[in-house]
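Taking it in order: structure first as structure tokens, then the write-up.
Chains as they are written, first to last, in the numbering used here: chain A, 1 to 420; chain B, 1001 to 1667.
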């Protein structure tokens, strides 16, 4: 028993746990500052947001440490089951879910609201890891790629029905683990190329863009003029790219909803909108900018405290950090995240089992996507798609799902010497 | 390790790259640019002004003329309202359900989170009863304000009024006022605005996105306390003022009384006036518009400062003083008055035939011939060819008495009317002029105009035997009782004191002898000196003028009374002046009859001009007007019912007043 206990605790990566707890603490402090009212300093209240967040953090830690008690094999063995359960929850939410702010994303259990899309992330991560780690799966062949794509696209599709664009886009982060495991680079290039073209399509007139693509294609053909096969391939790609422009235009104007179009246009600077969609971003930037170098100090932020920034304690929690702790605080938070992500990648790379490694990359990339998009939208780099800042944003579902996500990996890591 | 291991670095590199991009943008927002920091302060930080109580204005005996009265506004913050017994609230503040719904809707449209006014101007009594029940009405609260109130409803034009500052005024007063602030718009309220208003206090408050105050900024370190306005001690005698306004009711005219030794204005009556209380409260706008209607004879026109009147015979003492000081005449010089005066080939009429007449009797009888004579002598003393420079010297001496320029009283909008110089006369189309063409100036008619204040000031000069102190209306400001030093300087008119006694003798006789023209001003135990004037009025009945002072020795009051369309000076102006003087000197009124008329009859007399043609008929709903028309009727009725008193000469005077003389005459 003694030896068992020692192994159990000494093998856990305490650095990651410390980083996790530091981010949770920052989250609690920021939420407390957001709710804090100088006129009404009653005792500590568990009904206020900060009190509930403390409960979430506490239960999250219990949840996390109980995951450490599971057998490491459990997660790989039951990955399909867990995936299946989360998919069922995603279906269930479409039937019995509560509609909040246009999204049918929550299942109410007592006074708590559960957000299945948060849990779908680790279900998907487990199944992806399980599939890629199985024998004879090589990601440079078509079939495994399609299967992986299917595993990832199913939850995306279900979440899109809620409709919750932000959570849907999170699943794009699975692209990076797949890349690490051998997904051909050109597929990523095509994908991001398509995204870039989509954006350029909004900026530039079609004629200019078609000319530009034709010129680039022409240059490639000139470079490869000796190889006929390449010339044909490049020509096809060029023609497809030009055709894509029209499809993209069609999707933008006819498939996307107006508020989504507006958000994209505002973020690209095609529209100025100080009261509608742009209001959130402007107020968030004002709050963060007001922090200057060292911040206004704890509980001194006027913008965040007095409700100028919408969704203050959830999606725009970073503005509280920015206003009260300034650039120094922002630097610390981003530093902590960067450290955490790099740490997870390094831990993943030291795994002997492919399952653990893939899963590690999955959570690193999910966290990365959340952090990048969330902070990016708070400072006006990304469109406003409501996804939480991991460990810091207010909310039980997101905190628990990130905790479970992380602690499963810590469990797998603590067991890295064993076989799964 | 497989080749794919290198892809780790690509992914880690991506993480680091994105972190650097985020930090770069944050560095720009937080460190480089201060645009966002400034916007943040615009968002949340507000300066709130705390309005001090405006200074109280008291009369010379510390009786309150204007004070502040608390009024209570019922305020509502719509989003805090909980269901309650609406009927009981309506009953408590005296509105019906319809008004209630309308007001509530208005409040909701204004702001759900910010308090707005629900019912204005609750009385103290309503407030008291409401206060007990306020706990039942969540979201409602009562806010106290102060408004100006005028306990005696007197001296409206003197005190002036306060109104919300206009954009032009806000700009002019660099930064003190903001939109919605009150500013003294006329009268004393305007002149002494800086002292009365006090100083606004400032608190810095933080506001949330719904505009709900969230507490002081920086613990109130930057806040400034409000300073109350200072008390203003005016020179007005409230009782005298009140009597003056009663006497001039239903008449157009002015009374100005000055304490000669100090230049303090004792009474400042401008009629028709208005109740100053209408300038505050709910229906100010409508009532103010009513004042502008033509049949109301311009109540906002401040006649003592702005009224343009020829002094008429009231100018004669001044003319005599100049003649005496120039040695043109001595007190015993006599002229023959056959009832007219020939100037060249023109005949100027005199009211009466007095034969050989000297200065004393000439003043007492207001003999035109005498004053034509001395004016002609004054202008021609250096020979006919030097008439023009001589006239110029003469008018300069007249100017010393304060005619032709403002006196510099501490009230706004004082007017000055032109006194012709020799040059001015030469500029006229008819270039050839001499004493014959300007002879009427010698008896205060023609190209000479004064304000009632200037006339009173002339009396103060004569009462002082040769000097005046600029008339002013404020004795002291605040606790220190400071007063502008320019209101203590004696202005001499450069006429030796010895020349005043003969003139004063004549003025004494005008009041106190059987042959005087101002016997209506005679007082029981006081020697009053005075001079009547009947000012020719081209537009209607002559104006009744009286100027005087009392007592003869050590004078306490100098007074000028102008009653438009009042006829002879003795008809209305002189008796009104006597009542005013008596009231001021003895604080009582003897029950005497002047030509058989009591003071009440003077008060009741109606001399308002008929309403101009083409004006709208008086609206029955406007109370003030209906009152006026009522009193018109009752007044005429009263005269009829007073028929037993018909032997009184008042009615005769009235008759005379209604039949204006065609010729330019002065009595």
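Glycine included, every Cβ here is placed at the ideal spot set by N, Cα and C.
Original post:
By DSSP, does residue 1017 of chain B sit in helix, in strand, or in coil?
Top reply: helix
Original post:
Which of the three DSSP states, helix, strand or coil, is assigned to residue 1139 of chain B?
Top reply: coil
Original post:
Helix or strand or just coil, what does DSSP make of residue 1376 of chain B?
Top reply: helix
**OP:** Check each residue of the stretch 300-312 of chain A: if its Cβ is closer than 8 Å to any Cβ of chain B, include it; give the result in chain order.
**Re:** 302, 303, 305, 306, 307 and 308
Original post:
Is residue 259 of chain A helix, strand or coil by DSSP?
Top reply: helix
Original post:
Does any C-beta atom of chain A lie closer than 7 Å to the C-beta of residue 1114 of chain B?
Top reply: no
**OP:** In angstroms with no decimal places, state the Cα-to-Cα distance between residue 1319 of chain B and residue 1383 of chain B.
**Re:** 19 Å
Subject >> Coarse secondary structure for residue 1641 of chain B, derived from DSSP in three states >> reply: Its pLDDT being 35, under 50, residue 1641 of chain B is placed unreliably in this model, and the value from its coordinates should be taken loosely. Helix at residue 1641 of chain B.
Subject >> Neighbour list for residue 293 of chain A in chain B, Cβ cutoff strictly below 9 Å >> reply: 1030 and 1031
Original post:
Would residue 416 of chain A count as contacting chain B if we go by Cβ distances under 7 Å?
Top reply: no
Subject >> Close beta carbons around residue 1381 of chain B, own chain, < 8 Å, minus the five adjacent residues each side >> reply: 1326, 1328 and 1390
**OP:** With 7 Å as the C-beta to C-beta threshold (strictly closer), list the residues of the stretch 1002-1020 of chain B near chain A in chain order.
**Re:** 1004, 1007, 1008, 1011, 1012, 1015, 1016, 1018 and 1019
Original post:
Along chain A, in chain order, which residues have C-beta atoms closer than 7 Å to that of residue 1039 of chain B?
Top reply: 286
Original post:
Any contact of the stretch 350-363 of chain A with the stretch 283-295 of chain A, i.e. 3+ C-beta pairs under 8 Å?
Top reply: no
Original post:
residue 376 of chain A touches chain C at which residues, Cβ-Cβ below 7 Å?
Top reply: Of the chains in the structure shown, none is chain C; the protein chains are A and B.
Subject >> Pick from B:1058, B:1404 and B:1333 that is closest to residue 1196 of chain B, judged by C-alpha positions >> reply: B:1058
**OP:** Would you list the one or two residues that DSSP bridges to residue 106 of chain A?
**Re:** A:98
**OP:** Compare the Cα-Cα distances from residue 1463 of chain B to each of B:1178, B:1317 and B:1346 and report the closest residue.
**Re:** B:1317
**OP:** Along the alpha helix (DSSP H) that carries residue 437 of chain A, what are the first and last residues, could you check?
**Re:** This structure gives no information on residue 437 of chain A, because the portion of chain A shown stretches from 1 to 420.
Original post:
By Cβ distance, which residues of its chain are closer than 8 Å to residue 431 of chain A, with the 5 residues on each side in sequence left out?
Top reply: What the structure shows of chain A is the stretch from 1 to 420, and residue 431 of chain A is not part of that stretch, so it cannot be assessed.
**OP:** Determine the direct distance from the alpha carbon of residue 302 of chain A to that of residue 1039 of chain B, and round the result to whole angstroms.
**Re:** 12 Å
Subject >> Cα-Cα separation between residue 1513 of chain B and residue 1245 of chain B, rounded to whole angstroms >> reply: 29 Å
Subject >> Residue environment, residue 259 of chain A, which counts as buried when at least 16 other CB atoms sit within 10 Å >> reply: exposed
Subject >> Residue from B:1072, B:1115 and B:1136 whose Cα sits closest to the Cα of residue 1089 of chain B >> reply: B:1136
**OP:** Assign residue 1075 of chain B to one of three DSSP states: helix, strand, or coil.
**Re:** strand
**OP:** From the DSSP output, read off the bridge partner residues of residue 1342 of chain B.
**Re:** B:1347
Subject >> Interfacial residues, the stretch 184-207 of chain A to chain B, with Cβ spacing under 7 Å >> reply: none
Original post:
Short check: CB of residue 323 of chain A to CB of residue 287 of chain A, under 7 Å?
Top reply: yes
Original post:
According to DSSP, is residue 1399 of chain B helix, strand or coil?
Top reply: helix
**OP:** Under the assumption that residue 122 of chain A contacts residue 373 of chain A (Cβ atoms under 8 Å), give the Cβ distance between them as a whole number of angstroms.
**Re:** That belief does not hold up - the Cβ atoms of residue 122 of chain A and residue 373 of chain A are roughly 18 Å apart, past 8 Å.
Original post:
Are any of the Cβ atoms in chain A nearer than 7 Å to that of residue 1105 of chain B?
Top reply: no
Original post:
Are there 16 or more other CB atoms within 10 angstroms of the CB of residue 1490 of chain B, so buried, or fewer, so exposed?
Top reply: exposed
Original post:
Could you give the uninterrupted runs of the alpha helix (DSSP H) lying entirely in the stretch 1422-1491 of chain B, keeping only those of 4 residues or more?
Top reply: 1422-1427 and 1452-1463
Subject >> Completely contained beta strand (DSSP E) runs for the stretch 1241-1326 of chain B, where each covers 3 or more residues >> reply: 1253-1259 and 1264-1271
Original post:
Apart from the five residues just before and just after residue 378 of chain A, which ones in its own chain have a Cβ nearer than 7 Å to its Cβ?
Top reply: 284, 288, 316, 318 and 319
Subject >> Residues of the stretch 377-393 of chain A with Cβ closer than 9 Å to any Cβ of chain B, in chain order >> reply: 379, 380 and 381
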